[in-house]
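For what it's worth, my numbering labels the leading residue of the sequence shown as 274, then goes sequentially.
Notes for the one structure printed next.
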Amino acid sequence: MPIYTPPLRDMQFVLHEVFKVTDEFKAMPAHAEVDADTINAVLEEAGKFAAGVAFPLNISGDTEGCKLDTATHEVTPPKGFKEAYRQYVEGGWPALSCDPEYGGQGLPHTVNQCLYEMLNSANQAWTMYPGLSHGAYEALLAHGTDEQKKTYLPKLVSGEWTGTMCLTEPHCGTDLGMLRTKAEPQGDGTYKLTGNKIFISAGEHDFTENIVHLVLARLPDAPKGSKGISLFVVPKFKVNADGSLGERNPIFCTGLEHKMGIHGNATAQIAIDGATGTLVGEPNKGLAAMFVMMNAARLGVGNQSLGLTEVAFQNALAYAKDRIQMRSLSGTKAKDKEADPIIVHPDVRKMLLTAKAYAEGARALQVFCTLLLDKAHGHPDEKVRKDSDELVALLTPIVKAFVTDNGHVATNACMQVFGGHGFIKEWGMEQFVRDNRINMIYEGTNTIQSLDLLGRKVLGNNGATLKKFGKLVGQLVAEEGVNEKMAEFINPIAYLGDQMTKFTTEIGFRGFQNPDEVGAAAVDYLRVAGHLVFGYLFARMAQVALREIAAGNTDPFYVAKLQTARFYFAKLFPETATLMRTARAGSKVLMDTDAALA
Ligand SMILES: Cc1cc2nc3c(=O)[nH]c(=O)nc-3n(C[C@H](O)[C@H](O)[C@H](O)COP(=O)(O)OP(=O)(O)OC[C@H]3O[C@@H](n4cnc5c(N)ncnc54)[C@H](O)[C@@H]3O)c2cc1C
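Structural data, given as structure tokens:
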């Protein structure tokens, strides 16, 4: 059976020692009172829930999956899921970072993100039920009318109801401009919706008495394409004026997808058969409104892969210390045993350290991003809010694609550490690989994320936001450039930072002449940018570790951090050279290939 220990020490390191989050919170009126003890206590309890309640249901949930009763359209998730959700609600966890005006506890997003990392390590499929609800909460909070907020937010915050995100239709996933679901005004402020949605996560279940679907649809006079999409809130049960539940809305689960992973989550086909909904935000501006939910979900998906990378690493590490096989190339290490533990072999260590570095880099990135989100929402200085918002927008596709691609590499590497046993279900490793695979696909495939980064977020504003990030790198380089001990961490990012400007200009220039050049370079570009961000974060973590060691701190945690950072810069970061070369190889070798792809 797999193991999982919440990585509280590393979380505390990132939160308190690297980012000094409580100092940052002091500047935000809503969070000024949040101290380190409170954060640590909350995360300790969250870890207990994740490891003790959600984790034991991970394998059974995967084996059992969800069941649909086609007569009633009701879905039963795996055994224990409903009870775990009840405990989650009783613990007040859905409300953790929500607005106190709607019953929330008002803690920073940064803390909520750490809760979610642990839930994702424990059980990604289960976590998606509350996860989608949180996204629905964010979208309604940002764009709902007062009436909609009053009706739905307190129930989503308490966890009494859950939410979904209904975008995808059979003929359109990436290209939502093609969606066909219709919304007819009824003359009383409501709309009648008709259409078919597929792949709706947590689309139906028995955890709660109501489900709040956020549905993209077209008004009768809507312009074609993505400029003609509106957002609607469509509850499973209509809600009466006094807040009680009314009649069943005809929005039904008609099928469940049979899929590669996350079996415990109900991926629903949804038929909308004249269901009543109300408009969220302005007509034809639905995609912009839905983007609040999609951006939150994109950070959330990166967090899913962080969770899986961490839990896969923990299991592979324990196995590598225990499993004996062959002798070390440099001489016997375990004389009392028939063979040495496999952790003595260089390549096994490389696989373990790859996962460890990708987990620790992703954790630092997630905290960095959610702290920026907290500032973007709650900092009193408008310039700080604006800069933070822009940086989060730049980093969001990197979190979504770089962290999930790394999760793929890491979970596979950890499975490989187990040899043939990794391929066998009972060890749990193949489930981590399978569960992670969807993270590279949904919420906009990783290719789409790379186009978003390079096309919109970088070239779209002439690299202005990228330069802002470059400034942070520049500051660190200036601060530590003369510190010999930091040279191994600073030199690579200083060099890549310089290269990045030239690289971006070159791709931008080529893209100007031929847009396919952007499409051909984007995926490689995102990975290079991802490494620049990870490199910056590892350098900051190394800086803290070196200072602690210099001050006489003998906690082996800091030595471990330095060793991981060294490994990262020596073995993972250098792929940037290859990636820049392949990006520069251009589009011709892809586009002039009609004979090869005939
Ligand atoms: C388990 C699961 C859960 C999901 N949950 C939800 C949910 O809760 N709500 C929801 O609305 N949807 C959900 N989805 C849908 C998911 O977001 C889509 O599957 C995804 O966005 C891709 O759309 P698609 O499957 O139609 O692929 P397509 O859009 O058909 O894409 C196919 C391929 O073409 C590539 N491609 C498309 N356009 C371009 C382009 N311009 N440039 C380069 N490459 C391109 C894509 O990257 C991809 O590789 C879920 C899907 C799954 C499998």
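Ideal Cβ positions, reconstructed from N, Cα and C, are used throughout, including at glycine.
Quantities reported herein were computed from a predicted structural model and do not represent experimental measurements.
To the nearest angstrom, how far is the alpha carbon of residue i from that of residue j?
i      : j      : result
Tyr425 : Ala539 : 22 angstroms
Asn313 : Gln285 : 7 angstroms
Val862 : Thr778 : 21 angstroms
Ala589 : Val507 : 44 angstroms
Pro829 : Ala793 : 44 angstroms
Phe564 : His531 : 28 angstroms
Asp725 : Asn557 : 21 angstroms
Pro443 : Ile471 : 6 angstroms
Gly803 : Asn734 : 19 angstroms
Leu341 : His536 : 13 angstroms
Gln689 : Ala585 : 11 angstroms
Ile597 : Glu703 : 21 angstroms
Gly825 : Glu290 : 16 angstroms
Gln836 : Glu663 : 33 angstroms
Glu411 : Met566 : 6 angstroms
Glu716 : Asn568 : 9 angstroms
Gly554 : Gly365 : 29 angstroms
Met759 : Ala812 : 8 angstroms
Asp865 : Gly580 : 41 angstroms
Ala548 : Gly432 : 23 angstroms
Asp678 : Met713 : 6 angstroms
Leu810 : Tyr841 : 11 angstroms
Pro493 : Pro523 : 20 angstroms
Gly781 : Arg729 : 11 angstroms
Asn764 : Phe846 : 12 angstroms
Gly460 : Phe505 : 16 angstroms
Val801 : Gly575 : 17 angstroms
Lys465 : Lys428 : 23 angstroms
Gly754 : Gly770 : 14 angstroms
Glu457 : Asn469 : 15 angstroms
Thr738 : Tyr768 : 19 angstroms
Just confirm the distance between the C-beta atoms of residue i and residue j, as a whole number of angstroms; I'd bet it's less than 8 angstroms.
i      : j      : result
Phe799 : Gln722 : Here the sequence assigns Leu to residue 799, which means Phe is not the residue at that position. Right, the Cβ-Cβ distance comes to about 7 angstroms (below 8 angstroms), so this counts as a contact.
Pro381 : Phe298 : 6 angstroms
Arg622 : Ala612 : Not a contact, Cβ separation roughly 16 angstroms.
Ala395 : Asn331 : 6 angstroms
Val676 : Leu727 : Contact doesn't hold; Cβ gap of about 17 angstroms is too wide.
Gly379 : Ala303 : 6 angstroms
Ala856 : Asp797 : 4 angstroms
Arg839 : Glu761 : 7 angstroms
Ala635 : Thr720 : Contact flag wrong, Cβ pair sits at about 20 angstroms.
Thr463 : Gly550 : 7 angstroms
Reducing DSSP to helix, strand and coil, say where residue i ends up.
i      : result
Phe872 : No information on residue 872 is available, as it lies outside the stretch 274 to 871 that the chain covers here.
Val706 : helix
Ser503 : strand
Asn712 : helix
Tyr592 : helix
Cys339 : coil
Thr345 : coil
Glu411 : helix
Thr424 : helix
Lys673 : helix
Asp797 : helix
Lys352 : coil
Gly279 : Gly is not the amino acid found at residue 279; the sequence shown has Pro there. Residue state, collapsed to three classes: coil.
Ser508 : One point to set straight first is that residue 508 is Pro, not Ser, in the sequence displayed. Three-state DSSP puts Pro508 in a strand.
Leu845 : helix
Met438 : strand
Asn538 : coil
Ala818 : helix
Glu583 : helix
Gly450 : helix
Pro546 : Before going further, note that residue 546 is Asp rather than Pro in the sequence given. Residue state, collapsed to three classes: strand.
Phe762 : helix
*With a cut-off of 8 angstroms, do at least 3 Cβ pairs link the segment 441-460 to the segment 371-381?*
Fewer than three beta-carbon pairs drawn from the segment 441-460 and the segment 371-381 are found closer than 8 angstroms, and the two stretches are therefore not classed as touching.
*Cβ contact check for the segment 672-681 and the segment 638-648: 3 or more pairs under 8 angstroms*: Yes, the segment 672-681 is in contact with the segment 638-648.
*Does the pairing of the segment 681-699 with the segment 730-750 give three or more beta-carbon distances under 8 angstroms?*
no
*Does the pairing of the segment 399-412 with the segment 429-443 give three or more beta-carbon distances under 8 angstroms?*
yes
*Do three or more CB pairs link the segment 544-563 to the segment 480-496 at distances below 8 angstroms?*
Contact between the segment 544-563 and the segment 480-496 is established, with three or more Cβ pairs separated by less than 8 angstroms.
*Touch check for the segment 700-716 and the segment 680-687: three-plus C-beta pairs under 8 angstroms?*
yes
_Quick test of the definition: if touching needs 3 or more C-beta pairs under 8 angstroms, does the segment 542-551 touch the segment 519-531?_
Touching, per the Cβ criterion.
*asked:* With three or more C-beta pairs closer than 8 angstroms as the rule, is the segment 507-517 touching the segment 384-403?
replied: no
_Can you confirm whether the segment 350-362 touches the segment 304-312 when touching is taken to mean that 3 or more C-beta pairs between the two stretches lie within less than 8 angstroms?_
Touching, no.
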